[in-house]
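Chemist:
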Amino acid sequence: MKDASIIHLEYQGITTKVSVQTPLPMVPKPKLVYRTPAGRVSSLPILKGINSTIDPKTLQPQDLIDSDPELDWRSGGEILEMDMLTTAYFDPNDNDRRPVSDFQVFDIIYDAQGNAIDRRPKLNRKANINTPIPVKLGKRLPLLQVLTTFVLRHTYQLVHEDGVTREFLYRIAQDLHHKQEMAIVGAGVKGNQPIVMRDKGSPYRGFLYGEIGKDQQQEQYKLLLLLSDQELKLADKDKDDDRSE
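Take any residue in the sequence shown, note its place counting from 1, add 294, and you have its number in the numbering used here.
In structure tokens form, the structure reads like this:
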């Protein structure tokens with residue numbers, strides 16, 4: 295497991311805090327080690343020495359014959375300290391390419407046909423999975439319906455810390471497994487708010503998926519938090535027919 299966090303969860307009137315982690319792949323990627331006759335080598339981010347203040351399309355052949363305006367000799371080979379870098383935004387219409395600080399970020403909402411239907415300022419949301427108000431389990435949906443209706447962007451695994459939290463999570467996984475359902479989970483007092491995993495993160499609709507082992511492994515369980523930000527809907531057939539004509 296990696297990227298551990300904490301989720302405050304409520305189920306059948308009982309609340310507890312458990313770890314929520316990113317599961318490792320079932321088949322881990324092999325660790326590659328690069329070596330040369332001189333020994334082990336590693337990569338470093340460096341600047342290529344490209345002059346980013348000019349547009350290559352504006353250069354004339356004679357410019358490239360007389361000099362190297364596309365190169366920035368002073369920065370070439372400079373090692374980048376990633377902790378010292380910050381994001382900068384530029385106006386594509388500004389020839390001087392000066393960073394812009396006075397701007398707004400908007401979220402654009404699209405319908406099933408791909409048309410923009412709403413434009414709203416982007417909100418700076420705070421994480422809401424570990425607050426005094428626990429995340430709540432709500433409506434149940436058939437497993438197949440969730441898998442075929444929603445685009446599942448992220449997967450996290452809920453992990454117990456002791457015997458008490460293990461029993462808590464096992465009961466949820468067992469109930470979902472036997473009924474072949476997923477439970478919608480939400481934040482807020484009524485449990486109807488989207489899930490935000492980290493500060494300044496995106497809002498998601500959350501689902502809990504539970505599975506327990508078979509036969510001699512029935513004491514084993516898996517409880518996953520699945521996050522979705524898109525619902526799959528069939529486009530209106532009449533509108534599609536009009537487009538084809």
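For each residue, glycine too, the CB sits at the ideal point set by N, CA and C.
Measuring only the C-alpha atoms, how far is K473 from P319?
Modeler: Distance between the alpha carbons of K473 and P319 is about 27 Å.
Chemist: In its own chain, which residues sit with a C-beta less than 7 Å from the C-beta of I340, not counting the 5 before and 5 after it?
Modeler: Closer than 7 Å at the Cβ level, and outside the excluded window around I340, lie G371, E372, I373, L374.
Chemist: In terms of residue numbering, what span does the beta strand (DSSP E) encompassing F449 cover?
Modeler: For the record, residue 449 in the displayed sequence is Thr; it is not Phe. Counting along the chain, the beta strand (DSSP E) containing T449 begins and ends at 444-453.
Chemist: Within 10 Å of its beta-carbon, does G457 have 16 or more other beta-carbons around it, so buried, or fewer, so exposed?
Modeler: G457 comes out exposed.
Chemist: What residue range is occupied by the uninterrupted alpha helix (DSSP H) comprising K473?
Modeler: That run of the alpha helix (DSSP H) goes 457-473.
Chemist: Which residue from Q512, Y515, D349, H448 puts its Cα closest to that of T316?
Modeler: Selected option, being the one with the closest Cα: H448.
Chemist: Can you confirm whether the segment 458-472 touches the segment 508-524 when touching is taken to mean that 3 or more C-beta pairs between the two stretches lie within less than 8 Å?
Modeler: The segment 508-524 vs the segment 458-472: in contact.
Chemist: Please find out if some non-hydrogen atom of the ligand MN comes closer than 7 Å to the beta-carbon of V440.
Modeler: Absent from the structure shown: the ligand MN. Ligands present: none.
Chemist: Work out the CA separation of V321 and I301 for me, nearest whole Å.
Modeler: Approximately 27 Å between the Cα atoms of the pair.
Chemist: How close, in whole Å, do the beta carbons of H471 and I506 come, if the pair is a contact with beta carbons under 8 Å?
Modeler: Confirmed, about 5 Å.
Chemist: Which residues share a DSSP beta bridge with Q487?
Modeler: DSSP lists A481 as partners of Q487.
Chemist: Please state whether the Cβ-Cβ distance between T442 and E525 is less than 8 Å.
Modeler: The answer is no: Cβ separation not under 8 Å.
Chemist: Given that a residue counts as buried once 16 or more other Cβ atoms are within 10 Å of its Cβ, and exposed if not, what is F462?
Modeler: Buried: at least 16 other Cβ atoms inside 10 Å.
Chemist: Between G480, K323, E364, R329, which has its C-alpha nearest Y305's C-alpha?
Modeler: Of G480, K323, E364, R329, the residue nearest in Cα terms is G480.
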